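*Asks:*
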Amino acid sequence: GARQSPPAPTGVAFVFTEVAAAVSEGAAAAAVAVFVDHTRKVLVQKTGSSFFGYECQEVGAGNFMLAFSTMDLALSYCSQVQEYLLAYPWPAEVLSLKGFEEVVDGEGRIVHRGPRVMMGVGYGVPFYSMPHPNTGRADYFGPIVNIVARVKSACQAGQVLVALKTPEDRGLKRRRTKDMIQAYGSKGFALTSLGKHSLRGIAGKVALAELCPPSFGHRKLGLGESLGAGGHHAVDIAGVAEKVGRKTLVAKSRVEGILQHAEEVLSPGR
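Going by my numbering, the first residue of the sequence shown is number 115, and it counts up by one from there.
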């Protein structure tokens, strides 16, 4: 239930997942079920007095919103699951499906194999959490949740993208991106900086890094087309400015109306 979820006021690490290929039935659905089952096994592992992670919701097969008490646990989850999927003994009927094939690089090393799960990761302080009306599971609200969801949408198939710095960090003392990557590297997390990028619907830029599974450090997918110049994740600055301008004019008109009414009421002789 919601009581097992990480408390919102102290900060939460979120992971959003999505299976890149279309999943309907048969071998594809069975392969995704392997991912779903392993995710839930990892989440219920004990770390001290608490569970490894928390499942907030699953919207469609394999499309999770997950919460972790620390960024280290979130990154560990992503590394474990990606490595598990790449090393899993998938049957030929799965590897023959579009979007599930085995792909190797020029040196014969595995790049893709089985279902490609996109994962977006980020840490921040949500505004609040409350039980979902249908499931009773904790649901979180706030800009950081939206940011991590957008990070997931910017992933290439099978990629893990991490938001190291976001517009929500303003006023917080976070280390330089380079120092953060080195610190995570000392803990065994292989992160490669991809620079700062605009994401659709997010004002300001997000510093992104790619996480590679421990045994597949060669698998660096880099930036997808959506993060390139003019990609669909670019913020429409002109459109945002126009909307803000319209709202400002409406607010100004309302204030002027209130002041005029107050002046009429307070005028002598009325």
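For glycine and all other residues, C-beta sits at the position ideal for the given N, C-alpha and C. The structure displayed is predicted, hence computed values, not measured ones.
1. Going by other Cβ atoms of all chains shown within 10 Å of its Cβ, with 16 needed for buried, is Met-244 buried or exposed?
2. What are the start and end residues of the alpha helix (DSSP H) that includes Phe-149?
3. Which of helix, strand or coil does DSSP assign to Gly-345?
4. What does a CB cutoff of less than 8 Å around Gly-353 pick up in its chain, not counting 5 residues either side in sequence?
5. Within 10 angstroms of the Cβ of Thr-153, are there 16 or more other Cβ atoms? Answer buried if so, exposed if not.
6. With distances taken Cα to Cα, identify the nearest neighbour of Val-148 among Leu-211, His-332, Ala-127 and Pro-229.
7. In the DSSP output, what is Phe-178 paired with across the bridge?
8. Tell me whether Arg-289 is buried or exposed, calling it buried when 16 or more other Cβ atoms sit within 10 Å of its Cβ.
9. Looking only at C-alpha atoms, which of Gly-299, Gly-302, Gly-338 and Ala-277 sits nearest to Lys-310?
10. Thr-131: buried (16+ other C-beta within 10 angstroms of its C-beta) or exposed?
11. Along the chain, where does the alpha helix (DSSP H) that runs through Thr-291 open and close?
*Replies:* Quick look at the numbers:
1. exposed
2. 140-157
3. The predicted position of Gly-345 is uncertain, since its pLDDT is 34 and thus under 50; no value can be drawn from it.
4. Low per-residue confidence applies at Gly-353: pLDDT is 41, beneath 50, and the placement is therefore not dependable, though the value from the model is reported in the following sentence. None.
5. buried
6. Pro-229
7. Glu-172
8. exposed
9. Ala-277
10. buried
11. 291-299
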